[in-house]
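Position 88 (the sequence shown) corresponds to 88 in the working numbering; numbering is contiguous. Here a beta-carbon is modelled for each residue, glycine too, at the ideal position from N, C-alpha and C. Worksheet: one structure, shown below.
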Amino acid sequence: MEKHLCWILFVLSFTGTLNAGGGETQPRLEHFQCYPVLRANPEVEAGVGLFDQFTLSLSTNLEDRFEKARVLGANWFCNPTRKLHSGQAFDVRDARQHLTFYWIRAERSEPQRVVKIRNQFGERSLQLHESLFWLYRPRRLFTTTLWTLGHFKCYRATGRRVARPSVRVSDQFILPPTRHRVRMPLAFCNPAEKLHTDFIAAISNKEAHLTCYSMTTANEFVGRTEISNQFGARQGLLVGNPRVLCVPTRKLGFEVISPDGTVGGGQRAQ
Numbered sequence: 001m002e003k004h005l006c007w008i009l010f011v012l013s014f015t016g017t018l019n020a021g022g023g024e025t026q027p028r029l030e031h032f033q034c035y036p037v038l039r040a041n042p043e044v045e046a047g048v049g050l051f052d053q054f055t056l057s058l059s060t061n062l063e064d065r066f067e068k069a070r071v072l073g074a075n076w077f078c079n080p081t082r083k084l085h086s087g088q089a090f091d092v093r094d095a096r097q098h099l100t101f102y103w104i105r106a107e108r109s110e111p112q113r114v115v116k117i118r119n120q121f122g123e124r125s126l127q128l129h130e131s132l133f134w135l136y137r138p139r140r141l142f143t144t145t146l147w148t149l150g151h152f153k154c155y156r157a158t159g160r161r162v163a164r165p166s167v168r169v170s171d172q173f174i175l176p177p178t179r180h181r182v183r184m185p186l187a188f189c190n191p192a193e194k195l196h197t198d199f200i201a202a203i204s205n206k207e208a209h210l211t212c213y214s215m216t217t218a219n220e221f222v223g224r225t226e227i228s229n230q231f232g233a234r235q236g237l238l239v240g241n242p243r244v245l246c247v248p249t250r251k252l253g254f255e256v257i258s259p260d261g262t263v264g265g266g267q268r269a270q
């Protein structure tokens, strides 16, 4: 079978930094500032299965509902962030929430979709599709650590530029608030079930979604951190300048784009 290598950010497992304490069973999603992983030690390679709200519309056999994929390595590490946007302040409620993006290689291709969302940047539609950015078009995996708020399967997204792009953010790595301009949507994330080593991590909050945006860099930063998650008790990451902002999002609905470029009611995808 041909393997389709798409840019789906796959599991949002929360990645806890080492020495994080215990806490709530159902915390709310934070806003996240994400740093590119320059080097990871050790490298991760594992087999997983994924199942989300989009996959449900494609599945006819629930016993075989999980999409098989190979996790290839960490790509982004995300801290919860304090954010000021258009006079509205978003504080960090739980500093233990962290995310790690992992590249994945999936076997099955999926149709393009249009999803309607709402978050603090407004209400709009995004197109979700396979990536053309990377040489072998991998998918990504969001994974968390120590305790799990949930996992997410994340799809490459395109859409309109953010209308009021100026934000000020600070987190555990860069404490003084720095100004960034938020640009274009990069990914949209559904809560997902994940199968790994015969253990199924269920969806803990089916209403929790994320949209991730590119943003300008404001600092020259290189840092090291250690994480622990289901892929290893201790992973060392070298990270660079933050370039991505992920925000909690409400999904209002979605439709599949047909091969002729039209969606649900026959309208053409924009």
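In this structure Ala192 is in contact with Lys153, their Cβ atoms being roughly 4 Å apart against a cut-off of 8 Å. Beta-bridge partners assigned by DSSP to Leu175: none are found.
Secondary structure note for Lys251: its beta strand (DSSP E) is the uninterrupted segment 244-256. Leu126: member of the beta strand (DSSP E) spanning 122-128, first to last residue. Rounded to whole angstroms, Phe199 and Arg179 show a C-alpha spacing of 42 Å. The DSSP assignment places complete alpha helix (DSSP H) segments of no fewer than 4 residues inside the segment 31-73 at 53-56, in order along the chain. With a 10 Å radius around the Cβ and a threshold of 16 neighbouring Cβ atoms, Gln88 comes out exposed. With respect to the C-alpha of Asn229, the residue from His31, Ile174, Thr100 having the closest C-alpha is Thr100.
Taken through DSSP and simplified to helix, strand or coil, Glu193 comes out as strand.
Per DSSP, the continuous beta strand (DSSP E) segment holding Thr158 begins and ends at 151-158. The continuous stretches of beta strand (DSSP E) do not include Gln112, and DSSP gives it neither H nor E. A Cβ-Cβ contact shorter than 8 Å links Arg82 with Ser170.
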